[in-house]
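Chains as they are written, first to last, in the numbering used here: chain A, 1 to 413; chain B, 414 to 826.
Think of the CB as a built atom: it goes at the ideal place given N, C-alpha and C, for glycine as much as any other residue.
Only a predicted model underlies this, so the values are computations on that prediction, with no experimental measurement involved.
Number of protein chains: 2
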Amino acid sequence: MLRIVMKFGGTSMAGIERIRHVANLVKREAERGNQVAVVVSAMAGETDRLVQLCREAASLYDPREYDVVVASGEQVTSGLLAITLQGMGLNARSYMGWQLPIRTTAAHASALIDGIDVDVLERVFGESGIAVIPGFQGVAADGSVATLGRGGSDTSAVALAAAMKADRCDIYTDVDGVYTTDPRIVPRARKLSAITYEEMLELASVGAKVLQTRSVGLAMRYNMPIQVLSSFEDRPGTMVVGDDRIEDYKMERQLITGIAYDKNEARITLTGVPDRPGSVAAIFAPLAEANVNVDMIVQSVPRAGERSDLTFTVPTASLAHSKALLEGVREEVGFQEILTDTDVVKVSAVGVGMRSNAGIAAQMFKALAGRGINIIAITTSEIKVSVLIPEEYTELAVRVLHTTYGLDAEAAE
Amino acid sequence: MLRIVMKFGGTSMAGIERIRHVANLVKREAERGNQVAVVVSAMAGETDRLVQLCREAASLYDPREYDVVVASGEQVTSGLLAITLQGMGLNARSYMGWQLPIRTTAAHASALIDGIDVDVLERVFGESGIAVIPGFQGVAADGSVATLGRGGSDTSAVALAAAMKADRCDIYTDVDGVYTTDPRIVPRARKLSAITYEEMLELASVGAKVLQTRSVGLAMRYNMPIQVLSSFEDRPGTMVVGDDRIEDYKMERQLITGIAYDKNEARITLTGVPDRPGSVAAIFAPLAEANVNVDMIVQSVPRAGERSDLTFTVPTASLAHSKALLEGVREEVGFQEILTDTDVVKVSAVGVGMRSNAGIAAQMFKALAGRGINIIAITTSEIKVSVLIPEEYTELAVRVLHTTYGLDAEAAE
């Protein structure tokens with residue numbers, strides 16, 4: 001007997017027919033003798049609709065009341081799934097975040113989970129019952145409904161799995177697992193049988209948005225195995241596990257696990273930045289205060305004391321705001337121009353195996369140079385090498401790197 | 414300073430523009446220095462949509478889970494109205510049924526209100542705040558969400574008004590008050606400035622569905638004045654009050670307050686019913702057990718010991734079920750045929766003044782006979798006379814009676 005959390009996203013819950021299909025998957029798991037808690041998202045599109053209503057009601061809406069409104073989406077799907085499971089003869093019931101309770105901080109619209117009481121769940125499992133729980137929400141100490149922010153249902157599922165000491169957290173979504181890269185770009189991309197938390201974090205943060213980053217971080221902290229799989233196709237997905245368990249899934253270890261890309265970065269170049277102590281600090285301070293996520297930074301000072309150019313990237317959505325903030329310190333810092341470019345892409349090679357292999361980055365630069373692709377900026381971490389390149393080269397760069405690191409699947413027979 | 418509950422129905426809450434209008438009405442009441450609690454329905458059509466989803470999920474759905482699903486509609490409008498009020502600079506917050514709490518019985522989907530804790534509300538009023546409360550729902554003793562049944566928001570509003578000892582409960586709807594009859598049939602129907610609870614109950618139960626019957630009964634029990642008014646037109650509505658207060662509204666008392674009609678009745682005639690003790694009891698027992706609301710009953714026994722015909726009405730929705738139940742006792746009772754007719758209408762004259770005037774019924778029969786309208790059945794109560802007639806005569810009968818009892822408004826100048 002295993003104890004499992006099953007989490008279903010918005011496309012899996014979009015309409016009664018799909019909910020019925022989800023119920024069949026839950027039933028099958030229950031009939032294997034497993035203890036099952038189900039975490040559900042709102043129907044696809046519903047949260048967007050509710051958010052839009054809040055925005056129309058007031059441009060600066062109270063996040064506490066926003067939470068009241070948007071939490072209703074998962075409430076509806078929880079009830080509907082419980083009804084559907086009961087219709088199949090299963091002993092199922094829904095439990096809202098405030099009923100368990102799932103205790104959160106009071107940071108409405110972006111609350112953190114403080115803890116989950118599992119007494120109710122233990123009783124449900126004791127009675128061979130199935131608990132259906134709305135994702136994305138809990139209750140703050142003052143008794144108000146609080147949501148975890150967009151995509152929070154993955155986090156709800158992992159937190160619940162950790163609290164109830166589950167054996168596994170299955171995240172059902174509309175893709176059947178994590179791939180070596182985007183199969184739309186590289187048809188010979190391979191589905192990975194397993195991947196470590198750290199690799200998943202790097203892949204997610206650079207564009208492979210299969211799991212919410214926060215949920216992966218939480219799973220890593222509790223060493224909770226996650227399985228990413230499709231609710232529409234009946235086959236194993238990708239296990240996301242700790243370094244210590246990756247061998248269990250018999251994956252041939254490769255240096256590089258996957259190639260990701262992210263078009264959602266904009267380049268900012270400040271020209272003529274004076275070379276004096278504090279210049280760079282004065283530039284980045286206002287961005288940090290405004291929570292702008294500055295990513296790749298390149299500065300080359302030709303000679304000590306000379307002016308130089310400073311290039312860095314910010315999320316495209318923060319570009320306008322960032323420009324305004326930088327204008328505010330232009331005089332103080334004394335740089336000349338602010339140049340921006342949104343036609344750039346960040347391409348990354350990710351892999352735990354990289355830690356013990358110094359040649360990975362060099363291999364990348366050589367492969368890209370071989371295709372005449374100009375590199376604007378580079379960042380590296382322990383398990384990732386990223387380059388910023390012109391956006392028009394996205395597909396070419398991803399394909400070249402996928403082949404370079406030996407990720408292409410064998411051609412179909 | 415008055416303490417007021419304002420209740421807004423589904424059409425008043427249908428979309429952000431309308432919610433903004435509602436917020437303006439609330440603001441105006443608050444700016445008069447009044448203490449205001451607002452009870453809201455779901456957006457028009459939303460509850461139907463949610464009910465339909467439950468039905469699709471399972472034909473026999475668990476009412477506990479149904480409540481989880483359908484309660485979301487008012488949760489959304491509560492949050493949106495609170496956001497809108499805040500956007501206007503008012504100190505507003507929403508409180509779900511489980512947050513106040515509004516305590517109910519565990520009869521899911523048709524729960525009764527056990528009590529309402531007003532501590533939170535008193536604190537809100539003490540801080541010059543406005544409380545927005547979803548109608549139609551509360552929380553059962555086991556902590557589960559429970560709804561009051563369709564139309565329950567009126568009941569929520571009146572119960573809340575009683576609990577917080579409000580001066581008045583204003584029910585905003587899509588009509589501007591209670592009329593002497595349906596203005597679509599009688600253009601010269603007049604809006605009543607005031608009506609008693611009992612009259613309202615009779616008018617409501619026979620077709621003038623302005624207020625939920627249950628809410629009127631509750632208002633009567635607590636002698637809570639209700640005002641029915643339009644959220645779309647800025648003028649006083651109709652006060653629904655106790656006999657003791659009706660004079661306050663300077664209404665010229667008339668014998669008859671209004672003429673109602675109800676096409677939702679079906680006639681059943683059993684032919685050849687044997688005249689022996691227990692026959693009638695055996696016929697109505699299964700209907701009573703099945704909660705079929707038998708209304709008008711006519712039996713004439715030509716001579717002692719002879720067979721007779723028994724005619725009565727049931728709601729049209731219960732007709733098929735009633736026929737099946739009656740077939741089940743046909744042999745036992747020994748009647749001959751079951752004849753049914755849905756092309757009938759019940760027309761009623763309602764008025765507290767009737768109590769002290771015996772001629773009302775005779776006046777009705779004479780007026781209908783004068784137009785050649787055949788009366789199938791008659792029932793009377795202290796403040797109502799109803800006749801069952803062929804449906805094709807509905808408009809004619811209503812107009813004739815409206816004129817007969819002197820209800821026609823003066824012709825416009």
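Reduced DSSP category for residue i - H, G, I as helix; E, B as strand; rest coil
| i | result |
| --- | --- |
| residue 421 of chain B | strand |
| residue 539 of chain B | helix |
| residue 46 of chain A | helix |
| residue 3 of chain A | strand |
| residue 678 of chain B | strand |
| residue 500 of chain B | helix |
| residue 97 of chain A | coil |
| residue 16 of chain A | helix |
| residue 448 of chain A | Outside the displayed range of chain A (1 to 413) lies residue 448 of chain A, so it cannot be described from this structure. |
| residue 803 of chain B | strand |
| residue 299 of chain A | strand |
| residue 448 of chain B | strand |
| residue 105 of chain A | coil |
| residue 112 of chain A | coil |
| residue 170 of chain A | strand |
| residue 363 of chain A | helix |
| residue 58 of chain A | coil |
| residue 465 of chain B | helix |
| residue 412 of chain A | With a pLDDT of only 46 at residue 412 of chain A, under 50, the local geometry of the prediction cannot be trusted, and the value read off the model is given with reservation. Coil, per DSSP. |
| residue 148 of chain A | coil |
| residue 41 of chain A | coil |
| residue 550 of chain B | strand |
| residue 670 of chain B | coil |
| residue 781 of chain B | helix |
| residue 797 of chain B | strand |
Cut-off 7 Å between Cβ atoms - residues of its own chain near residue i, not counting five sequence neighbours on either side
| i | result |
| --- | --- |
| residue 68 of chain A | 145 |
| residue 501 of chain B | 436 and 440 |
| residue 98 of chain A | 139 and 145 |
Own chain partners of residue i with C-beta closer than 6 Å, once the 5 adjacent residues on each side are dropped
| i | result |
| --- | --- |
| residue 507 of chain B | 491, 492, 495 and 545 |
| residue 110 of chain A | 149 |
| residue 822 of chain B | 601 and 603 |
| residue 261 of chain A | 207, 345, 347, 394 and 398 |
| residue 770 of chain B | 668 |
| residue 413 of chain A | Confidence is the limiting factor: at residue 413 of chain A the pLDDT is only 38, short of 50, which leaves the residue's position unreliable and the question unanswerable from this model. |
| residue 750 of chain B | 684 |
| residue 200 of chain A | 216 and 240 |
| residue 378 of chain A | 387 |
Sequence-distant residues of the same chain with beta carbon closer than 8 Å to residue i, five excluded per side
| i | result |
| --- | --- |
| residue 705 of chain B | 727, 728, 731, 734, 735 and 738 |
| residue 414 of chain B | 446, 447 and 448 |
*Should the segment 124-136 of chain A be regarded as contacting the segment 64-77 of chain A, the criterion being three or more beta carbon pairs within less than 8 Å?*
By the criterion of at least three beta-carbon pairs nearer than 8 Å, the segment 124-136 of chain A is in contact with the segment 64-77 of chain A.
_Positions along the segment 794-805 of chain B whose CB lies within less than 9 Å of some CB in chain A_ = So the list is empty, because no residue satisfies the distance condition.
*Along the segment 31-58 of chain A, what residues have a CB closer than 8 Å to any CB found in chain B?*
Within the segment 31-58 of chain A, 50, 53, 54, 56, 57 and 58 place their CB atoms closer than 8 Å to a CB of chain B, listed in sequence order.
*Taking a Cβ distance cut-off of 8 Å, strictly less, list which residues of the segment 131-156 of chain A are near chain B, in chain order.*
Residues 143, 144 and 145.
*Validate contact between the segment 529-541 of chain B and the segment 568-586 of chain B using beta carbons, cut 8 Å, 3 pairs*: Between the segment 529-541 of chain B and the segment 568-586 of chain B there are three or more inter-stretch CB-CB distances shorter than 8 Å, so the stretches are counted as touching.
_Check whether the segment 451-466 of chain B and the segment 422-441 of chain B are in contact - that is, three or more C-beta pairs closer than 8 Å._
Counting C-beta pairs closer than 8 Å gives three or more between the segment 451-466 of chain B and the segment 422-441 of chain B, which meets the contact rule.
*Below 7 Å between beta carbons is the criterion; list the residues of the segment 69-87 of chain A that meet it against any residue of chain B, in chain order.*
So the close ones are 69, 72, 75, 76, 78, 79, 80, 82, 83, 84, 86 and 87.
*asked:* At 4 residues or longer, what runs of the alpha helix (DSSP H) sit wholly inside the segment 587-659 of chain B?
replied: Secondary structure remark: continuous alpha helix (DSSP H) runs of at least 4 residues inside the segment 587-659 of chain B, in chain order: 610-618 and 626-635.
*asked:* Under 8 Å: do the segment 722-734 of chain B and the segment 675-683 of chain B share three or more Cβ pairs, one atom per stretch?
replied: Yes: at least three Cβ pairs fall under 8 Å.
_Chain-ordered residues of the segment 506-517 of chain B with a beta carbon less than 9 Å from chain A_ = Listed in sequence order: 506, 507, 509, 511 and 512.
*Below 7 Å between beta carbons is the criterion; list the residues of the segment 427-444 of chain B that meet it against any residue of chain A, in chain order.*
For the segment 427-444 of chain B, the set of positions with a beta-carbon nearer than 7 Å to some beta-carbon of chain A reads 429 and 432 in chain order.
*Contact between the segment 96-113 of chain A and the segment 11-25 of chain A: three or more CB pairs below 8 Å?*
No, because fewer than three Cβ pairs between the segment 96-113 of chain A and the segment 11-25 of chain A fall closer than 8 Å, the two stretches do not touch.
*Please determine if the segment 242-250 of chain A and the segment 195-203 of chain A are in contact, where contact requires at least 3 C-beta pairs separated by less than 8 Å.*
With a cut-off of 8 Å on Cβ pairs, the segment 242-250 of chain A is in contact with the segment 195-203 of chain A, counting three or more such pairs.
*Inter-stretch contact at 8 Å, needing at least 3 Cβ pairs: the segment 278-295 of chain A / the segment 349-356 of chain A*: They do not touch, by the three-pair rule.
*Is the segment 381-391 of chain A in contact with the segment 432-442 of chain B, if contact means three or more CB pairs nearer than 8 Å?*
Proximity of the segment 381-391 of chain A to the segment 432-442 of chain B falls short of the contact definition, fewer than three beta-carbon pairs being nearer than 8 Å.
*Note down, one range per segment and in chain order, each alpha helix (DSSP H) of at least 4 residues found wholly within the segment 275-340 of chain A.*
Correct list: 279-289 and 319-333.
*asked:* Counting only Cβ-Cβ distances shorter than 7 Å, please list the residues of the segment 238-250 of chain A near chain B, keeping chain order.
replied: Among the residues of the segment 238-250 of chain A, none has a Cβ less than 7 Å away from any Cβ of chain B.
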